[in-house]
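Step one of this worksheet: look at the structure below.
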Amino acid sequence: MKGEVWVVDESASFGENRVALELLSKGRELSRKLGTRCCAIVLGCDTREEVMELIAHGAEMVYVAQGPHLSQFRPRVYTEVVCRLVHEFQPEIILLGATETGRELAARVAKRLDTGLSADCLDLEIDEETGNLVQLAPAFGGKLLAEVVCPERRPQMATVRPGTFPQLLHDPKATAPVLYLDTVDAELEEEWEVVAMEVAPEGDCELESAPVVVSAGAGVTCGEAFHLVIELARALGAQLGGTRPLVQRGLLPQERMIGQTGKTIRPKVLITVGTSGALQYASGIRGSEFIIAIDKNPMAPIFDEADLGIVGDASDILSRLVSALSSVRKENDLEAAHG
Ligand SMILES: Cc1cc2nc3c(=O)[nH]c(=O)nc-3n(C[C@H](O)[C@H](O)[C@H](O)COP(=O)(O)OP(=O)(O)OC[C@H]3O[C@@H](n4cnc5c(N)ncnc54)[C@H](O)[C@@H]3O)c2cc1C
């Protein structure tokens, strides 16, 4: 049997961050193709609840390294523990979230194990001939989507951003073995000490979980068009996001940027206006269920991503959409008023 597929959980931010659960669903798919099992690695202090959650979301075995020395992410200690586990159990693949913690841990572990690591992968597959992990990752500044393989070194390692894969359904009846490991002697001196932790306020930005998103691009930076985009989002009760040029011009905060270096969204409906469909932006919207694109250029690549394309001037189309929505609302209000 091939080595296992491992998903490294982020214990310290488990409440807010579900990326490990998303990776488990992809890990299960990969492990089936390899004829092996998908396991979770948990490093932390009091991990009972998350172990249960990981099992309910598809972990077929959980390795737990537990103790006060692991209560918060300490890069050197975590690296030491993960590398020891790898030496002992020889996994085939290790997946981590492309979060601040996951990125730092993955890079350190890959360096220590002298193996390859692909960052921010958009998809993962198994090559049926070789059994290698094919890591689809943006390359050359995001202009290309590269298929990266690591044929000679093991484990094969990849990070994936939150929101890239859907989770498996929660199965409260699922069971799996849990192996508690003794790692107390992994206590190492860190070069720094955490004196306090404070979560930066995210405002009311809920782009990643919003059912409807309106997204604006460089084609709507003029006053009237941008104002209409905001009105449309308001009328639909949608979250507002956009492309990098809007953030660079100060029209949107960084937390509302969609794409490779911004948020990955998966709404039921996305209306994307004046966005050309650059690969770095498109990679953040591909999980959307239905995409409506509005752009004046009929050849814009965004139309390749769209389920419905509207070619024309953004201000013209947006003003018609906004007034149509307001007429519908008035009719509904009238009907409600007359019973
Ligand atoms: C490493 C790297 C990472 C990146 N990460 C991201 C990222 O995460 N997110 C991101 O968005 N970008 C990212 N970028 C930038 C990305 O490459 C593009 O430059 C950016 O997405 C383009 O934004 P846009 O579509 O709004 O602008 P443009 O490409 O300029 O497109 C504007 C569109 O508006 C249309 N238009 C113009 N006027 C009108 C009008 N009046 N009515 C209707 N349509 C009109 C045009 O036809 C055009 O299609 C990244 C780049 C690099 C190199």
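Under the working numbering, the residues of the sequence shown are numbered 1287 to 1625, in order. Ideal Cβ placement from N, Cα and C applies to all residues, glycine included. Every value quoted in this text rests on a predicted model; they were computed, and no experiment measured them.
{"Item": "Please state the DSSP three-state secondary structure of Pro1458.", "Value": "coil"}
{"Item": "Is the segment 1345-1362 touching the segment 1442-1457, taking contact as three or more C-beta pairs under 8 angstroms?", "Value": "no"}
{"Item": "Beta-carbon within less than 6 angstroms of Asp1457's beta-carbon, same chain only, minus the 5 sequence neighbours each way: which residues are those?", "Value": "Ala1342"}
{"Item": "Go through the residues and name those whose CB comes closer than 5 angstroms to any heavy atom of ligand 1, in chain order.", "Value": "Gly1427, Gly1428, Gly1503, Ala1504, Gly1505, Thr1529, Arg1530, Pro1531, Gly1545, Gln1546, Thr1547, Gly1548, Gly1560, Thr1561, Ser1562, Ala1564, Gln1566, Tyr1567, Asp1581, Lys1582, Asn1583, Ala1586, Asp1599, Ala1600"}
{"Item": "Under 8 angstroms: do the segment 1357-1375 and the segment 1398-1410 share three or more Cβ pairs, one atom per stretch?", "Value": "yes"}
{"Item": "State the DSSP-derived secondary structure class of Glu1366, mapped to helix, strand or coil.", "Value": "helix"}
{"Item": "Expressed to the nearest angstrom, what Euclidean distance is found between the alpha-carbon atoms of Thr1547 and Leu1340?", "Value": "27 angstroms"}
{"Item": "When the distance is taken between beta carbons, is Arg1314 closer than 8 angstroms to Gly1344?", "Value": "yes"}
{"Item": "Considering only residues of the same chain and omitting the five flanking positions on each side of Asp1593, which have a CB-CB separation below 6 angstroms?", "Value": "Phe1576, Ile1577"}
{"Item": "Under 8 angstroms between the Cβ atoms of Glu1378 and Gln1442?", "Value": "yes"}
{"Item": "As a quick exercise: from Ala1579, Glu1386, Ala1384, Val1337, pick the residue whose alpha carbon is nearest that of Ala1460.", "Value": "Val1337"}
{"Item": "Does the segment 1494-1506 come into contact with the segment 1561-1574, if we say contact requires no fewer than three beta-carbon pairs (one atom in each stretch) closer than 8 angstroms?", "Value": "yes"}
{"Item": "Tell me which residue opens and which closes the alpha helix (DSSP H) that Thr1387 is part of.", "Value": "1386-1399"}
{"Item": "So what does DSSP say about Ala1435, is it helix, strand or coil?", "Value": "Sequence inspection shows Val at residue 1435; the Ala mentioned does not correspond to that position. Coil, per DSSP."}
{"Item": "List the whole-angstrom C-beta distance separating Ser1317 from Val1291, where the pair is believed to meet the contact cut-off of C-beta under 8 angstroms.", "Value": "4 angstroms"}
{"Item": "Decide yes or no for the touch test of the segment 1526-1535 against the segment 1604-1623: beta carbon pairs closer than 8 angstroms, at least 3 of them.", "Value": "no"}
{"Item": "Which same chain residues end up closer than 6 angstroms to Glu1510 when comparing Cβ atoms and leaving out the 5 residues on each side of it in sequence?", "Value": "Ser1601"}
{"Item": "Run the CB neighbour count on Leu1430, radius 10 Å, all protein chains shown included, and call it buried at 16 or more, exposed below.", "Value": "exposed"}
{"Item": "Taking just the CA atoms, how far does Thr1387 sit from Phe1359?", "Value": "7 angstroms"}
{"Item": "Checking 8 angstroms against the spacing of the C-beta atoms, do Leu1514 and Val1434 come in under that value?", "Value": "no"}
{"Item": "Around the C-beta of Asp1581, are 16 or more other C-beta atoms found within 10 angstroms, so that it is buried, or is it exposed?", "Value": "buried"}
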